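Once you know that position 104 of the sequence shown is 96 in our numbering, the rest is easy, because the numbers rise by one and skip nothing.
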Amino acid sequence: MKAKSYAKINLFLKIEGYKNGYHQLNSRFMKVKDLYDKIEFKEGVFNIIGDFNCAVRDNTIFRAYLKLITLYPDIRDYFINKQIVVTKNIPEMAGLGGGSSNAATFLRMVNEDSGLNLSLDKLAEIGAEIGSDVPFFIYDYDVANVYGRGEIVEKFDEEVIDVEIGVPPIECSTPDVFKMYREKYFNPQKTDFDKIPTKELLSTKTAEELNDLLRPALALYQDLFKYKDFGFFSGSGSAFFKPKI
């Protein structure tokens, strides 16, 4: 069994509050259809194989696996003699959602192939415990507005725009960027960006207006200044994007 695990960009990311230890987001995610990892289930001794920048026990796929066998112990038998092989193409720690996408794609694959047959809502509930961006990838929308800490996903009815993505050789820590925002830049405000078409936002707003995490990321990783004129900032970085002309 094989599947593509797509990247995403945050077309905008606004922080509207802080609740129960999580920043409350108003953001729009867009699937990037020409940038994806590949996940394949092969016969062999159970293992998760891929060029990850973390230990296997910390990998999002392994965490999704642990969550599944905890909730549904009978599914352990499904994983006997299965290797999960991941071909990585999405840069890590770049704000492109690679780890979250991997976990979501894995959950969807297992759900289909094992006969678990959970609803997408239930899969998204499980995914939200693994990572805030996982529910978006569970629903597999092209474009969606995302709220809360990421667990509320609403399809946004517009066409995907072609974008060019630039990824500096800088790895940004999401927890560190959010911490910097909270300590130095915290200024949550309600916004109506989720009602505005993406093309209008990108043509009328600046990169700083569209992403509340740009300034804290620049403060933490000053080498990002070399790349900020490329375009708009995705997530907590370090990737920038711009519409293709």
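Virtual Cβ for every residue (Gly too), placed ideally from N, Cα, C. Owing to the predicted nature of the structure, the values given are computational and were not obtained by experimental measurement.
How is residue i classed by DSSP in three states: helix, strand or coil?
i	result
residue 131	helix
residue 95	helix
residue 190	helix
residue 195	helix
residue 9	strand
residue 218	helix
residue 24	strand
residue -1	strand
residue 208	helix
residue 103	helix
residue 43	coil
residue 200	helix
residue 236	coil
residue 17	strand
Applying the 10 Å Cβ sphere with the 16-neighbour rule, what's the burial state of residue i?
i	result
residue 128	buried
residue 62	exposed
residue 198	exposed
residue 202	buried
residue 90	buried
residue 46	exposed
residue 159	buried
residue 48	exposed
residue 191	exposed
residue 217	exposed
residue 246	Because residue 246 is not part of the residues shown, which for the chain are -7 to 237, the question remains open.
residue 6	buried
residue -3	buried
residue 72	exposed
residue 29	buried
residue 111	exposed
residue 204	buried
For residue i, which option in the options has the closest C-alpha, if you only look at C-alpha atoms?
i	options	result
residue 79	144, -5, 7 and 162	-5
residue 136	15, 189, 11 and 66	189
residue 214	161, 51 and 187	161
residue 38	101, 70 and 219	70
residue 124	144, 133 and 108	144
residue 194	235, 117, -1 and 59	235
residue 147	156, 133, 139 and 157	133
residue 101	77, 220 and 88	77
residue 24	81, 187, 221 and 173	81
Roughly how many angstroms lie between the CA atoms of residue i and residue j, to the nearest whole one?
i	j	result
residue 168	residue 228	9 Å
residue 224	residue 3	8 Å
residue 86	residue 152	20 Å
residue 44	residue 54	12 Å
residue 104	residue 141	27 Å
residue 268	residue 126	Residue coverage of the chain in this structure runs from -7 to 237, which leaves residue 268 outside it and unanswerable.
residue 32	residue 12	37 Å
residue 185	residue 26	26 Å
residue 64	residue -7	21 Å
residue 94	residue 52	7 Å
residue 56	residue 154	31 Å
residue 18	residue 208	18 Å
residue 121	residue 34	26 Å
residue 92	residue 196	30 Å
residue 232	residue 66	43 Å
residue 221	residue 163	18 Å
Strictly under 8 Å for the Cβ-Cβ distance: is residue i near chain B by that measure?
i	result
residue 54	Within the model displayed, chain B is absent; a lone protein chain is all it includes.
Should residue i be counted as a contact of the ligand MN given a C-beta to heavy atom distance under 7 Å?
i	result
residue 97	Although the ligand MN was asked about, the structure shown includes no ligands whatsoever.
(request) Run through the stretch 53 to 80 for me and flag every whole alpha helix (DSSP H) of 4 or more residues, listed as ranges in chain order. (result) Listed in chain order, they are 68 to 71.
(request) Any chance you could list the beta strand (DSSP E) runs of at least 3 consecutive residues sitting entirely within the stretch 117 to 184, in chain order? (result) Runs of the beta strand (DSSP E) lying entirely within the stretch 117 to 184, each at least 3 residues long, are 135 to 140, 144 to 147 and 155 to 158 in chain order.
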